[in-house]
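Mapped onto my numbering, the consecutive letters of the sequence shown carry residue numbers 267 to 548. Where is the CB? At the ideal position from N, CA and C, for every residue including glycine. For reference, the structure is listed below as structure tokens.
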Amino acid sequence: MIDEVMMLRHGRTQYNLEHRLQGQIDVPLDIVGQWQADQTGYALASHYYWAKVSRLAADPEAIAQPGAGAAERSDIRQWQEAPAAARRMVVYSSDLFRAQQTAHAFADLMGLDVTLDPRLRERSFGRWEGLTRAEIKAQDAEAYASWKRHTGGETRYGVESRAQVGERGARAVRDIIAAMDAASGDTPTTLMIVGHGSWITATIGTLLGLDPDGMNALGGMRNACWCRLKVRHTVNGRTIAEPLFELEEYNKAPAIADNADWENGPADLRGPHTPDWQPIVW
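Now the structure itself:
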């Protein structure tokens, strides 16, 4: 039974650096984005090391064994009897490549499979995809101002509304939980979802019952940062029809982000043709 959901945003891309709306355009991580994904992967792998133990306990053939001349074999009971083996983790990712790269930066350390799901794709920005905010404003200042005010002017350009992306995301999360719960029964399970900033913010808002167009709801997500939700299947000891969600962490970064330039990465990764990242100016 899934009792925890992690949502992780992908690392930086060249479009992020240039402040272009990616939407569902398939763009890979840039060098700093791969560094961000790796640093977050290391941090989460340390925190969730139990997931590697659980995976090996379920597949003892994957436990490393010495050669025939060794004094003894690895005792697989140590993995199978460890308390960590009582939980499990599953990893889902948007099928867009930047999300896949970020998912594997964590999952490969743990030996976990990554399941791709197009329902986890970023918000579609329609005919605005690939454009900067300055280009959008020059094209249609009124629609741009409406988008900025959260009054929906962007939808005339085929942009998926915040409500639509939130409903799409929340439905996907609930469907995955229902399918996983049916398959795993009472085994406590953490669901890791790797996706995109606008999708994560809208989905969490919808799961919490917030107004998707509320200006004071949830702030934007930084690259390669995560959110954590507790999932409740009962209230006062009674099973409920659909799980409830409690937000426990939002926009959380690994500890290294406090001591490094997270948006630009370390200096030895930035070549002469790599500009510095700048905050978004509306």
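With fewer than three CB-CB distances shorter than 8 Å, the region 405-415 does not count as touching the region 335-354. Contact between the region 527-540 and the region 307-326 is absent: fewer than 3 CB-CB pairs across the two stretches fall below 8 Å.
For residue 408, the enclosing alpha helix (DSSP H) begins and ends at 407-415. Scanning its chain for C-beta atoms nearer than 6 Å, with the 5 sequence neighbours on each side dropped, one finds around residue 478 the residues 428, 429, 432, 468 and 471, in chain order. Contact check between the region 295-311 and the region 515-532: three or more CB pairs, one atom from each, fall below 8 Å, which counts as touching. For residue 314, the secondary structure class from DSSP, reduced to helix, strand or coil, is coil. With fewer than 16 other CB atoms across the displayed protein chains lying within 10 angstroms of its CB, residue 384 is exposed. Contact between residue 418 and residue 392 is absent: CB atoms are separated by about 13 Å, not below the 8 Å threshold. Taking 8 Å as the cut-off, the Cβ atoms of residue 395 and residue 289 count as close. Residue 522 is a Cβ neighbour of residue 305, given a cutoff of 8 Å. As computed with DSSP, residue 493 is found in a beta bridge with 273.
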